[in-house]
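S.K.:
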Amino acid sequence: MLLNYVKHNGKNWNDVAEHCLPTRTPNQCRARWTDTLDPELKHGPFSRAEKELLQQGVESLGKGKWLAIRRDFLPHRSSRRIANEWSSRPPSTATGDKLKSYTSKKWTAQEDELVLKGIAEFGQSSWAKIASVYLPWRTRIQIRNHYRSKLDPAIKKEKWTEHELDLLLRRTIVFGQDWNKVAEGIRGRTPEQCSRVWLTELDPGMNKGPWSDEETRLFWERVHQCEGNFVKIAEGLPGRNRLICYRKFWSTVRDDKEFVLLYGDQIKKDKTENGPAWRVRVGKLVCAWLKGEYTVRKTSNHSIDLHQPGPWSKEELSALELIVNKQLEKKQILDQGDWRKIAKQLPGRDVRQCRYQYEEHLSIKNIKKGTWTEQEDNLLTALVAEHGTSNWEQVVQNMPNRSKRQCVYRWHRVLQFTQDQTQISKNQRLSDSEKALIRDGVEMFGHDWTAIRMTYLPNRTPEQIMRWWNSHEEDQDDRERKAWTEEEDKILEFAVSKYENGHGHVPSWAQVAKMVHGRSSKQCRTRWLYSLQPNLTKGAWTYEEEMQLLEVVQKYKLQDTKTGESIWHLVAKELNTGRSDWACRSKYDYMQRRGHRFTF
1 MLLNYVKHNG KNWNDVAEHC LPTRTPNQCR ARWTDTLDPE LKHGPFSRAE KELLQQGVES
61 LGKGKWLAIR RDFLPHRSSR RIANEWSSRP PSTATGDKLK SYTSKKWTAQ EDELVLKGIA
121 EFGQSSWAKI ASVYLPWRTR IQIRNHYRSK LDPAIKKEKW TEHELDLLLR RTIVFGQDWN
181 KVAEGIRGRT PEQCSRVWLT ELDPGMNKGP WSDEETRLFW ERVHQCEGNF VKIAEGLPGR
241 NRLICYRKFW STVRDDKEFV LLYGDQIKKD KTENGPAWRV RVGKLVCAWL KGEYTVRKTS
301 NHSIDLHQPG PWSKEELSAL ELIVNKQLEK KQILDQGDWR KIAKQLPGRD VRQCRYQYEE
361 HLSIKNIKKG TWTEQEDNLL TALVAEHGTS NWEQVVQNMP NRSKRQCVYR WHRVLQFTQD
421 QTQISKNQRL SDSEKALIRD GVEMFGHDWT AIRMTYLPNR TPEQIMRWWN SHEEDQDDRE
481 RKAWTEEEDK ILEFAVSKYE NGHGHVPSWA QVAKMVHGRS SKQCRTRWLY SLQPNLTKGA
541 WTYEEEMQLL EVVQKYKLQD TKTGESIWHL VAKELNTGRS DWACRSKYDY MQRRGHRFTF
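Residue numbers (full-length UniProt numbering): 1 to 600.
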């Protein structure tokens, strides 16, 4: 209210108090504006440059001249915030000395004794007095936090008991994350301890699993959108609390070698930046890095190698072919050293990429794709018998219209298993006994398909076994999965809101599934369309609905639909009874199977 009134009517505080906030005095309105709401104010911690300006202001104008210091040195900070910042600094600094570098060092036993001595003399609420008399190189906040976490005899330091954890869970349900209130009912535990245990152990919505690519991208977007505030960042990431977000931030900034190599000194905090502003800038850097065309690698001689993922352009392929042909004029067969020389002439491409592109797309004209003939199989078998499986270059030279990759795959996936006397079954469904043997094999060997084939099914190839398992048994596992939890539903709703287009449709359920840990794209789609879609009508169809459905379907089926697109989202939209397109299609198919006379 105050912000809106001032925006439209100006800063006449008597009028503000009279017409906008009659329960407040003009002085209260002015103080609220100048200390908090003024859009020109800068919020958050002081940067190193601001702390130096504050020091200069006190030395120049004197302690307590906060309005003058604001006017001359820190115009974007409120006088109250300036005074609070000065009072929170170590006494040695507040009297004019420079801030000593050891104020944040590890606490010593001698300092512990001084803290206890100060508390015995001044009590547990006089932290500023204790700092002034006994520990001038420590701030009052440091002393208070150290005492509460390490020295207070009333505070428990040992592992939480099951009773305490149960009590913490129940009190958090009642009071939310008001940790002061929660800690009041748990003897010997501080609000900080309660918060830490909740965030690391008890939070039922916590997702400790690995971050998906989509979550990572969204996290860094929110870092700069939410001004580096981890609490706000976590609000848009279901299952990730502020502590997990904090660790994610630092794991990239400190530990990601590629990011550190690429940006180097740009990651360092500038003296004019406070913590949130620095995090915002780093967030923008990471977003640019994630969207960039290059990845960075550190080579064995400590130089930086730029690597460009993605498809090759026609110009790149032409340049590669020209370079390789020149190299082949010198040598008939290229070794690893030759490919290194070639890669150096193509910026952003590495040895593996150059070799793969040439062998797959350039070395053989008119590469044949699709089913292998019996003559090709026989020729490949003979070539492997002659040259072995360590000299595929020689094999490919005598194998017309097939690439190295095709030959390697054909041999290792099919032909090597035909060399013994066992007849490999082709184009035949697996029997129930074979399916049972595959399940036994997976239980014994996991997904080692070669071991399963050798032990249980010698007349099947590892690829046949793998394909059946992936297409049948995993679907069975999906059908037997546990019921959806409320937390999973919330995450699914959030994911759909991110990916649905302007028409309310989701182009890629695979992308949605990446955000719902442990669920397939099919499960996510089914759950959304049948259970969570807003304004969804469930239950039995009325007779009027059935007749209207038949009429609408006939209308669209009689139209000349040349695009090949599904009609069911149009049917559901025109039906307008809250039924999903899946529900309409399923109902119509059911009526058709039952022989309804109006279906066709």
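Glycine included, each C-beta is placed from N, C-alpha and C at the ideal position.
What's the call for L290, buried or exposed, on a 16-neighbour Cβ count within 10 Å?
M.R.: In the sequence shown, counting from the first residue as 1, residue 290 sits at position 290. The residue in question, L290, is exposed, as its Cβ has fewer than 16 Cβ neighbours within 10 Å.
S.K.: Going by DSSP, what residue range makes up the alpha helix (DSSP H) through Y530?
M.R.: Sequence index remark: in the sequence shown, residue 530 carries index 530 (1-based). Y530 -> no alpha helix (DSSP H), and no H or E assigned at all.
S.K.: Can you round the beta-carbon distance between P26 and W13 to whole angstroms, since I take them to be within the 8 Å contact cut?
M.R.: For the purposes of this step, residue 26 is taken as residue 26 along the sequence shown, with counting starting at 1. For the purposes of this step, residue 13 is taken as residue 13 along the sequence shown, with counting starting at 1. About 4 Å; that satisfies the 8 Å criterion.
S.K.: Should M399 be labelled buried (16 or more other beta-carbon atoms within 10 Å of its own) or exposed?
M.R.: Reading the sequence shown from its first residue, position 399 is the one you call residue 399. Counting Cβ neighbours within 10 Å, M399 comes out buried, since at least 16 surround it.
S.K.: For W250, count neighbouring C-beta atoms within 10 Å of its own C-beta (all shown protein chains included) and say buried if the count is 16 or more, exposed if not.
M.R.: The residue you call residue 250 lines up with position 250 of the sequence shown. So W250 counts as exposed.
S.K.: What does the Cβ neighbour count give for P462, buried or exposed, with the cut at 16 atoms within 10 Å?
M.R.: As a first step, residue 462 is located in the sequence shown; it is residue number 462 there, counting from the start. Flag for P462 reads buried.
S.K.: With DSSP as the reference, label W211 as helix, strand or coil.
M.R.: Taking the sequence shown and counting its residues from 1, the one referred to as residue 211 is at position 211. Coil, per DSSP.
S.K.: In whole angstroms, what separates the C-alpha of V552 from that of V571?
M.R.: Indexing the sequence shown from 1 puts residue 552 at position 552. Indexing the sequence shown from 1 puts residue 571 at position 571. Each residue's Cα considered, the two are about 6 Å apart.
S.K.: Quick check on this structure: which residue in T34, R355, R349 has the alpha carbon closest to the alpha carbon of W339?
M.R.: As a first step, residue 339 is located in the sequence shown; it is residue number 339 there, counting from the start. It is R355 whose Cα lies nearest to the Cα of W339.
S.K.: Could you check whether Q533 and S586 sit closer than 9 Å to each other, using their CB atoms as the reference points?
M.R.: Numbered from its first residue, the sequence shown carries residue 586 at position 586. Numbered from its first residue, the sequence shown carries residue 533 at position 533. Taking 9 Å as the Cβ cut-off, S586 and Q533 do not qualify as a contacting pair.
S.K.: Between the Cα of L114 and the Cα atoms of L3, K105, L135, which residue gives the shortest distance?
M.R.: As a first step, residue 114 must be located in the sequence shown, where it is residue number 114. Minimum Cα distance to L114 is reached at L135.
S.K.: Measure the alpha-carbon distance for I51 versus T526 and round it to whole angstroms.
M.R.: On the sequence shown, position 51 is the one that residue 51 refers to. On the sequence shown, position 526 is the one that residue 526 refers to. Checking the displayed sequence, the identity of residue 51 turns out to be Lys instead of Ile. Rounded to the nearest angstrom, the two C-alpha atoms are 57 Å apart.
S.K.: If you count every other CB in all the chains shown that lies within 10 Å of the CB of G539, and 16 or more means buried, which is it?
M.R.: Stepping through the sequence shown from its first residue, residue 539 is reached at position 539. Classification for G539: exposed.
S.K.: Heavy atom of the ligand COA less than 8 Å from the Cβ of Q110, yes or no?
M.R.: You won't find the ligand COA in this model; it holds no ligand whatsoever.
S.K.: DSSP on D537, reduced to helix/strand/coil?
M.R.: Indexing the sequence shown from 1 puts residue 537 at position 537. Per the sequence shown, the amino acid found at residue 537 is Thr instead of Asp. Here T537 sits in coil by DSSP.
S.K.: To the nearest angstrom, report how far apart L99 and K271 are at their CA atoms.
M.R.: Counted from its first residue, the sequence shown places residue 99 at position 99. Counted from its first residue, the sequence shown places residue 271 at position 271. Model confidence at L99 stands at a pLDDT of 44, short of 50, so the residue's coordinates are unreliable and nothing is read from them.
S.K.: In whole angstroms, what separates the C-alpha of H163 from that of A183?
M.R.: The sequence position of residue 163 within the sequence shown is 163, counting from 1. The sequence position of residue 183 within the sequence shown is 183, counting from 1. Those two C-alpha atoms are separated by around 14 Å.
S.K.: Could you tell me whether the Cβ atoms of A31 and R80 are closer together than 9 Å?
M.R.: Taking the sequence shown and counting its residues from 1, one reaches residue 31 at position 31. Taking the sequence shown and counting its residues from 1, one reaches residue 80 at position 80. Contact: yes.
S.K.: For Y499, which residues from the same chain have a beta carbon less than 8 Å from its beta carbon, with the 5 sequence-adjacent residues on both sides left out?
M.R.: Here residue 499 refers to the residue found at position 499 when the sequence shown is read from its first residue. Correct list, in chain order: V506, P507, S508, Q511, V512.
S.K.: Report yes or no: do three or more beta-carbon pairs, one from the region 269-288 and one from the region 209-229, lie closer than 8 Å?
M.R.: Touching, per the Cβ criterion.
S.K.: By DSSP, does W278 sit in helix, in strand, or in coil?
M.R.: Residue mapping note: residue 278 aligns to position 278 of the sequence shown, counting from 1. It is helical.
S.K.: Compute the Euclidean distance between the alpha carbons of E316 and E376, then round it to the nearest angstrom.
M.R.: Mapped onto the sequence shown, residue 316 falls at position 316. Mapped onto the sequence shown, residue 376 falls at position 376. Roughly 32 Å between the two C-alpha positions.
S.K.: Kindly indicate which three-state DSSP category E487 falls into: helix, strand or coil?
M.R.: On the sequence shown, position 487 is the one that residue 487 refers to. E487 falls in the helix class under three-state DSSP.
S.K.: Can you tell me whether Q332 is buried or exposed, with buried defined as 16 or more other CB within 10 angstroms of its CB?
M.R.: Indexing the sequence shown from 1 puts residue 332 at position 332. Answer is exposed; the Cβ neighbour count stays below 16.
S.K.: State buried or exposed for V16, treating a residue as buried only when at least 16 other CB atoms are found within 10 Å of its CB.
M.R.: Reading the sequence shown from its first residue, position 16 is the one you call residue 16. The residue is buried, with at least 16 neighbouring Cβ atoms inside 10 Å.
S.K.: Can you list, in chain order, the residues of its chain with a C-beta nearer than 7 Å to that of Q266? Leave out the 5 residues immediately preceding and following it.
M.R.: Position 266 of the sequence shown, counting from 1, holds the residue named residue 266. L285, listed in sequence order.
S.K.: Using 8 Å as the Cβ pair cut-off and three pairs as the minimum, do the region 193-204 and the region 170-179 touch?
M.R.: Segments in contact, yes.
S.K.: Taking W220 and C287 to be in contact with their CB atoms under 8 Å, please state how far apart those CB atoms are, rounded to whole angstroms.
M.R.: Against the sequence shown, residue 220 aligns to sequence position 220. Against the sequence shown, residue 287 aligns to sequence position 287. Indeed, because the Cβ distance is near 5 Å, the residues count as touching under 8 Å.
S.K.: Using a Cβ-Cβ cut-off of 7 Å (strictly less than) and excluding sequence neighbours within five positions of L529, which residues of its own chain qualify?
M.R.: Reading the sequence shown from its first residue, position 529 is the one you call residue 529. Once the five neighbours on either side are set aside, the close Cβ partners of L529 are S580, W582.
S.K.: Which same chain residues, not among the five before or five after K117, have their C-beta less than 7 Å away from its C-beta?
M.R.: By 1-based counting over the sequence shown, the position of residue 117 is 117. These residues qualify, in order along the chain: Y134.
S.K.: Kindly list the residues whose CB is nearer than 7 Å to the CB of V253, restricted to its own chain and excluding five residues on each side of it in sequence; keep chain order.
M.R.: For the purposes of this step, residue 253 is identified with residue 253 of the sequence shown, where counting begins at 1. Within the same chain, V253 has close Cβ partners I267, V282.
S.K.: Pick from L383, L430, F417, Q428: whose alpha carbon is nearest that of residue 619?
M.R.: Because the chain in this structure spans residues 1 to 600, residue 619 falls outside the shown range and cannot be described.
S.K.: In this structure, does DSSP put residue 602 in helix, strand or coil?
M.R.: Since the first residue shown for the chain is 1 and the last is 600, residue 602 is missing from the structure and cannot be characterised.
S.K.: How about E574 and K555: are their beta carbons less than 9 Å apart?
M.R.: Within the sequence shown, numbered from 1, the residue matching residue 574 stands at position 574. Within the sequence shown, numbered from 1, the residue matching residue 555 stands at position 555. Yes; because the gap between Cβ atoms is below 9 Å, this pair is in contact.
S.K.: Taking the alpha-carbon positions, what's the V496 to K232 distance?
M.R.: Against the sequence shown, residue 496 aligns to sequence position 496. Against the sequence shown, residue 232 aligns to sequence position 232. Going from the Cα of V496 to the Cα of K232 covers about 21 Å.
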